[in-house]
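Heads up, the sequence shown stops at 178 in this note's numbering, and the numbers go up one at a time, no gaps.
No residue lacks a Cβ here, since even glycine has one placed at the ideal position from N, Cα and C.
What follows is a single structure, written as structure tokens, with notes after it.
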Amino acid sequence: MACILIADDDPVVRELAVELLHSSDHAVVGAENGLEALRLIAAVPVDVLVIDMLMPVMDGVETILMVRHRHPQVKIIAISSGGSIGARPLLGMARSLGAHVTLEKPLRSATLMAAIEGLGEAPESGRTAASRTAARLASQRH
């Protein structure tokens, strides 16, 4: 069982992800923005951060940088629909900043679960295995 923090300014996305992960026996908490996510990570031992790249107050880019610096043990799954610029540039930036997995919205529950479960593997192989599994499941959407 992992402690997972869902940081997304869209309450529907946040609530659906929290509900899905609770049903999988994970401890889950939600945050509306990056600043709130940082406060929660400082107070609660978070294993995985699922973070939207476009949020008010503090976006995913700034939050990932801070988490990598202050809490390097936290695994990061970056998510985005990309807004007007598209998801790929934002998710590419997230990957370069240290996100372990990147997923495009709309999220499929099986893809999110596979990414989280993949991060539970050995630390050295978790990033690669989680990314492969999530990419395989995401490609099945099309």
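For the beta strand (DSSP E) that contains residue i, what are its first and last residues?
i: VAL137; result: 137-140
i: GLY66; result: 63-67
Rounded to a whole number of angstroms, what is the C-alpha to C-alpha distance between residue i and residue j?
i: MET102; j: LEU52; result: 26 Å
i: LEU76; j: MET89; result: 18 Å
i: PRO108; j: SER120; result: 31 Å
i: GLY128; j: ALA43; result: 19 Å
i: LEU74; j: THR99; result: 7 Å
i: ALA146; j: LEU139; result: 12 Å
i: GLN80; j: VAL110; result: The question names Gln, yet the displayed sequence has Val at residue 80. Their backbone Cα atoms lie some 11 Å apart in a straight line.
i: VAL48; j: LEU148; result: 15 Å
Going by DSSP in three states, residue i sits in which element: helix, strand or coil?
i: ALA43; result: strand
i: GLY156; result: coil
i: MET37; result: coil
i: GLN176; result: Annotation note: pLDDT 45 at GLN176 (below 50); position unreliable, no value reported.
Excluding the 5 residues flanking residue i on each side, which residues of the same chain have their C-beta closer than 7 Å to its C-beta?
i: LEU57; result: ILE40, VAL64
i: ASP45; result: GLU68, ASN69, ASP88, MET91, PRO92
i: MET223; result: The question about residue 223 has no answer here: the residues shown for the chain are numbered 37 through 178.
i: SER60; result: MET149
Starting from the C-beta of residue i, find all residues in its chain whose C-beta is less than 6 Å away, skip the five residues before and the five after it, and write them out in chain order.
i: ARG131; result: THR138
i: GLY66; result: ILE42, ARG50, VAL54
Considering only residues of the same chain and omitting the five flanking positions on each side of residue i, which have a CB-CB separation below 8 Å?
i: PRO142; result: SER117
Sequence ranges, alpha helix (DSSP H) only - wholly within the stretch 76-145, length at least 4
96-106, 123-133
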